[in-house]
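S.K.:
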Amino acid sequence: MRKLDLFTVIHNGMRAAGFRVAAILAATDFTQHGERASAAEEVIRFIDLLREHAQHEDLHVLPALLGIDPGLAHALAREHVELELRARDLQLRLSELERSPTTVSPSTDAPARAVRGALHRLLAGHLLHMDREETEASAALWTKLSDGELAALSQRIFESMPLERTVAWAQLALPTLPLAEQAGVRRALQQSLPADAWQLLVEGLSLTTGGVS
Ligand SMILES: [Fe+2]
Numbered sequence: 000m001r002k003l004d005l006f007t008v009i010h011n012g013m014r015a016a017g018f019r020v021a022a023i024l025a026a027t028d029f030t031q032h033g034e035r036a037s038a039a040e041e042v043i044r045f046i047d048l049l050r051e052h053a054q055h056e057d058l059h060v061l062p063a064l065l066g067i068d069p070g071l072a073h074a075l076a077r078e079h080v081e082l083e084l085r086a087r088d089l090q091l092r093l094s095e096l097e098r099s100p101t102t103v104s105p106s107t108d109a110p111a112r113a114v115r116g117a118l119h120r121l122l123a124g125h126l127l128h129m130d131r132e133e134t135e136a137s138a139a140l141w142t143k144l145s146d147g148e149l150a151a152l153s154q155r156i157f158e159s160m161p162l163e164r165t166v167a168w169a170q171l172a173l174p175t176l177p178l179a180e181q182a183g184v185r186r187a188l189q190q191s192l193p194a195d196a197w198q199l200l201v202e203g204l205s206l207t208t209g210g211v212s
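For the sequence shown, numbering that gives the first Met the number 0 begins at 0 and goes up steadily by one.
1. Are at least three pairs of beta-carbons, each pair with one atom in the segment 0–14 and one in the segment 167–174, less than 8 Å apart?
2. So Leu118 and Leu89 are supposed to be a Cβ contact under 8 Å. How far apart are they, rounded?
3. Determine whether the beta carbon atoms of Val42 and Leu126 lie at a separation below 8 Å.
4. Note down the Cα distance separating Leu3 from His55, rounded to an integer number of angstroms.
5. Can you give the Cα-Cα distance for Ala150 and Ala111, rounded to whole angstroms?
6. Taking one C-beta from the segment 66–80 and one from the segment 135–150 each time, how about it: are there three or more such pairs within less than 8 Å?
7. Exposed or buried, Phe18, counting other C-beta atoms within 10 Å across all chains shown (16 or more means buried)?
8. Quick check on the burial criterion: 16 or more other C-beta atoms within 10 angstroms. Buried or exposed for Val80?
9. State the CB to CB distance for the pair Leu75 and Glu132, rounded to an integer number of angstroms; the pair is presumed to be in contact (CB under 8 Å).
10. Have a look at Arg35, Glu202 and Ala16 and flag the residue whose alpha-carbon is nearest the alpha-carbon of Glu97.
11. Can you grab the Cα-Cα spacing for the pair Ala196 / Phe157, in whole Å?
12. Give me the Cα-Cα distance between Val201 and Ala109, rounded to the nearest whole angstrom.
13. Helix, strand or coil: how does DSSP classify Ala31 here?
14. When the Cα of His52 is compared with those of Leu176, Asp146 and Met129, which residue comes out closest?
15. Following a CB-centred definition, is His128 positioned closer than 7 Å to any heavy atom of ligand 1?
16. Do you know how far the Cα of Gly183 is from the Cα of Asp146?
17. Helix, strand or coil: how does DSSP classify Ile67 here?
18. Between Ala113 and the rest of its own chain, which residues show a CB-CB distance below 8 Å, the 5 nearest in sequence each way excluded?
19. Taking only the alpha-carbon atoms, compute the straight-line gap between Glu135 and Ala194 and give it to the nearest angstrom.
20. Where are the beta strand (DSSP E) runs, 3 residues long or more, that stay fully inside the segment 77–115, in chain order?
21. What does the alpha-carbon distance come out to for the pair Leu49 and Arg120?
22. Check each candidate in Leu71, Gly124 and Ala63 and name the one with the smallest Cα separation from Ala86.
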């Protein structure tokens, strides 16, 4: 029987967010200050998302994995550090772009190319990392943890963040799923959240899911 998957739904949202930012950078006219500033905000928001997600895993998921497969837990923790270095490289390129004069060409000058390249390297590393978690880490967790224990772990992550972040993550991840699976995730959220929190989530979701409740 299929076990509770801690990674894939959230990772779907992160993949969607990452490719969206890559598309925004590709289409940005860096000679336009407004477009340049807006693209920079999108990049920073994506980096913040990656950091928040890595923190959830470092605090809640990797400690559980440590008792099951210590080698894998350490390897994934190291990958988090490597990805953080790529994120810092992206931030550095972004600040260089922000300091550079308005470019002659909308998209091909060096500072703009450097930002896009740094984002692509971060994304590429993150795609491989998430795949490893969805395959190797899930397989290891499933050998030792029951669905109840996996659900409790997921619950601890929810309880560790402010409700508005739960809403933001749900808004990010739910639209990436088939409608039938969205219903299941929504049911699970409804069961795990207090009634007032669930209501806030429904109101937030109605902005992006066509009012489904
Ligand atoms: Fe991770």
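Backbone N, C-alpha and C define an ideal beta-carbon position, used for all residues, glycine too.
M.R.: Let me lay it out:
1. Short answer: they touch.
2. That belief holds up - the Cβ atoms of Leu118 and Leu89 are roughly 6 Å apart, short of 8 Å.
3. Contact: no.
4. Going by the C-alpha atoms only, they are around 17 Å apart.
5. Distance between the alpha carbons of Ala150 and Ala111: 43 Å.
6. In short, these stretches touch, since the Cβ pair count reaches three.
7. By the 10 Å Cβ count, Phe18 comes out exposed.
8. With fewer than 16 Cβ atoms within 10 Å of its Cβ, Val80 is classed as exposed.
9. With 8 Å as the limit, Leu75 and Glu132 qualify as a contact, their Cβ atoms being about 7 Å apart.
10. Ranking Arg35, Glu202 and Ala16 by Cα distance to Glu97 puts Arg35 first.
11. Rounded to whole angstroms, Ala196 to Phe157 spans 11 Å at the Cα level.
12. So the alpha carbons of these two residues sit roughly 44 Å apart.
13. The question names Ala, but residue 31 is Gln in the sequence shown. Collapsing the DSSP output to three states places Gln31 in coil.
14. By alpha-carbon distance to His52, the top candidate from Leu176, Asp146 and Met129 is Met129.
15. True, at least one ligand heavy atom lies under 7 Å from that Cβ.
16. Looking at the two C-alpha atoms, the distance is approximately 15 Å.
17. Of the three classes helix, strand and coil, the one that applies to Ile67 here is coil, per DSSP.
18. Apart from sequence neighbours up to five positions away, the residues of its chain that approach Ala113 with a beta-carbon distance below 8 Å are Arg92, Glu95 and Leu96, ordered along the chain.
19. Straight-line Cα distance between these residues: approximately 35 Å.
20. The segment 77–115 is shown to contain no whole beta strand (DSSP E) run of 3 or more residues.
21. When rounded, the distance between both Cα atoms is 14 Å.
22. Closest option to Ala86, Cα to Cα, is Gly124.
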